[in-house]
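K.L.:
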Amino acid sequence: NISDLQGNPLFSNVIGSLLARMPFEVPVPHAGTIIKKELEYDESRRLIPAYNVPQGTRGLVHIWGRNDMPIRQKLGIHWIVQDPDGLIAEDYQDWQFMRMDPGSDHEFIGGRFDFNKPGTWTITMSLSMNPNAPLTVDSYAGVLCTVAAVAPPPEAPPEAPPAEYTLEVAIEPPGAGHVLISTKGPYSAGEEVTLVATPYPGYEFDHWGGWPPYPGVQSTSDALKLAMTANWWVVAAFREVAPGAVGAPYFRSISRSVMENIASIVGAVSGCLSLLGLVYLFGVWRGK
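What the sequence shown shows, in this note's numbering, is residues 170 to 457, in sequence order.
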C-alpha cells in the first residue's frame, strides 16, 4: 500500500532521489505587450486615438507588439476597424514569419481604408502568441480616431450680367420684307428696342420667332418691343400671298409709302389733264 510506505523514511529517501534525478521544465507563461499604436493619414502619423482627421482621407494602422518572454516567440495580431455606423472598414490579422528574441518588438501594418464618414471610428485589437493554439497576451478596444466633416467648397458667385447685349434680326423667307430697328446696338442691360416689320409686295407679316425665347415671341403684331436682358436672335417671319388675290391681305402687303407715292402721282396726272381740258367726268355705262 503506497499510503503505508509514504511514512517510511527509506521510501521517502528513494522517491526524493528519483525526483532529483528526473529532468523537467517549469512552464513559462506567455507574455507580450502592445507598446505603440499609430494611425497614418495624409502622409503623416498620429498616436491612436487621433482627432480631427479630415473626411475623405485614407487611413493606415500601425501596431507594435513586444515579446516579454525569456525565450524566442512569435507574435500575432488581429484588429477590426469600424466606422461611426458600426460597419467594418478593415478586418486585419497576421503572424510573424520568424520567432523574435526576448524583449524585441515587431511592427504590424494593415491595409488602407477610406475615412468616408464624419464621427467616431473605433478599433478592437488583440496581440497573441503560440500560433498553434493562439493565446491573447494583450488587447485594446476603443477610439481609433474622430473624423471631422469637410465643408463643401463655396459655390461660385453668379456671373455678373454682361455690360452690353447684342440683337440679331433675320428675315424668313429671305427677301420677304424688312425690319426697322429703333436704335443700333450694342445695348445696355434693360434698354428697350422697338422692331417694326414691313412686308414686300406679295408677302404679309406672320409672326416673330427666334432664340432664346423672349417676351413677345410668336406675336403676330408687326411691331415688337424688346427689353435687352440677353443676346437676342429675332426672326421676322412672313408668308407669301398669291399674286392678284382679292382682299385686304394683298393690299396690306403694299407699304404705306408706296400707296402715298401712287396717290401723289395720280393727283399730278389729273392736274395736268385738267389744264389741257382733257378731263371728262364719267357718267354711266351704256349697253345695247
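The beta carbon of each residue, even a glycine, is placed where N, CA and C say it ideally should be. All values reported here derive from a predicted model rather than from experimental measurement.
Applying the 10 Å Cβ sphere with the 16-neighbour rule, what's the burial state of Gly359?
P.N.:
So Gly359 ends up on the exposed side.
K.L.:
Between Lys286 and Gly379, what straight-line distance do the alpha-carbon atoms span, to the nearest angstrom?
P.N.:
When rounded, the distance between both Cα atoms is 50 Å.
K.L.:
Helix or strand or just coil, what does DSSP make of Val197?
P.N.:
Coil.
K.L.:
Pick from Ala366, His199 and Tyr372: whose alpha carbon is nearest that of Lys394?
P.N.:
Lys394 has its Cα closest to that of Ala366, out of Ala366, His199 and Tyr372.
K.L.:
Touching or not, the stretch 269 to 284 and the stretch 227 to 242, by the rule of three or more beta carbon pairs under 8 Å?
P.N.:
With the cut-off at 8 Å, the stretch 269 to 284 and the stretch 227 to 242 touch.
K.L.:
State yes or no: is the C-beta of Gln262 within less than 9 Å of the C-beta of His247?
P.N.:
Yes. Within cutoff.
K.L.:
For Asp129, tell me which candidate among Tyr210, Arg268, Val316 and Ala317 has the shortest Cα-Cα distance.
P.N.:
This structure gives no information on residue 129, because the portion of the chain shown stretches from 170 to 457.
K.L.:
Less than 9 Å between the C-beta atoms of Leu313 and Pro218, yes or no?
P.N.:
Yes, they are a contact pair.
K.L.:
When the distance is taken between beta carbons, is Ser357 closer than 9 Å to Tyr334?
P.N.:
The answer is yes: Cβ separation under 9 Å.
K.L.:
For Pro368, count neighbouring C-beta atoms within 10 Å of its own C-beta (all shown protein chains included) and say buried if the count is 16 or more, exposed if not.
P.N.:
It counts as buried.
K.L.:
Take Leu256 and list the residues in its own chain whose beta-carbon comes closer than 7 Å to its own, dropping the five residues that flank it on each side.
P.N.:
Closer than 7 Å at Cβ, skipping near neighbours: no residue.
K.L.:
In three-state DSSP terms, what is Phe374?
P.N.:
Correct three-state label for Phe374: strand.
K.L.:
Compute the beta-carbon to beta-carbon distance between Pro271 and Ile249, rounded to the nearest angstrom, for a pair I have assumed lies under 8 Å.
P.N.:
No, Pro271 and Ile249 are not in contact; Cβ-Cβ is about 29 Å, not under 8 Å.
K.L.:
Going by DSSP, which residues form a beta bridge with Phe277?
P.N.:
Ile232, per the DSSP bridge assignment.
K.L.:
Using DSSP bridges, identify the partner residues of Leu269.
P.N.:
The amino acid occupying residue 269 in the given sequence is Met; Leu does not appear at that position. DSSP lists Gln242 as partners of Met269.
K.L.:
Nearest to Thr231 by CA position, among Asn301, Ala339 and Lys205, is which residue?
P.N.:
The sequence given here places His at residue 231; Thr does not occur at that position. The residue with the shortest Cα to Cα distance from His231 is Lys205.
K.L.:
Pro322 by DSSP, collapsed to three states: which one?
P.N.:
DSSP places Pro322 in coil when its eight states are reduced to three.
K.L.:
Of all the options Phe374, Ile292 and Val316, which has the alpha carbon lying nearest to the alpha carbon of Ala120?
P.N.:
Because the chain spans 170 through 457 in this model, residue 120 falls outside it and cannot be assessed.
K.L.:
Thinking C-beta only, is Glu341 closer than 9 Å to Val404?
P.N.:
Yes, Cβ-Cβ distance for Val404 and Glu341 is below 9 Å.
K.L.:
Mapping the DSSP letters down to three states, classify Ala366 as helix, strand or coil.
P.N.:
Correct three-state label for Ala366: strand.
K.L.:
Judging by CA-CA distance, which residue of Pro223, Ala329 and Pro327 is the nearest neighbour of Ala320?
P.N.:
Closest by alpha carbon: Pro223.
K.L.:
Roughly how many angstroms lie between the CA atoms of Ala258 and Asp252, to the nearest whole one?
P.N.:
For Ala258 and Asp252, the distance between alpha carbons rounds to 6 Å.
K.L.:
Please go through the same chain and pick out, in chain order, the residues whose beta-carbon is closer than 6 Å to the beta-carbon of Met294, but skip the five residues on each side of it.
P.N.:
Cβ within range, chain order: Trp248 and Tyr309.
K.L.:
Pick helix, strand or coil for Val386, following the three-state DSSP scheme.
P.N.:
Looking at Val386 - three-state DSSP - the assignment turns out to be coil, as it is neither helix nor strand.
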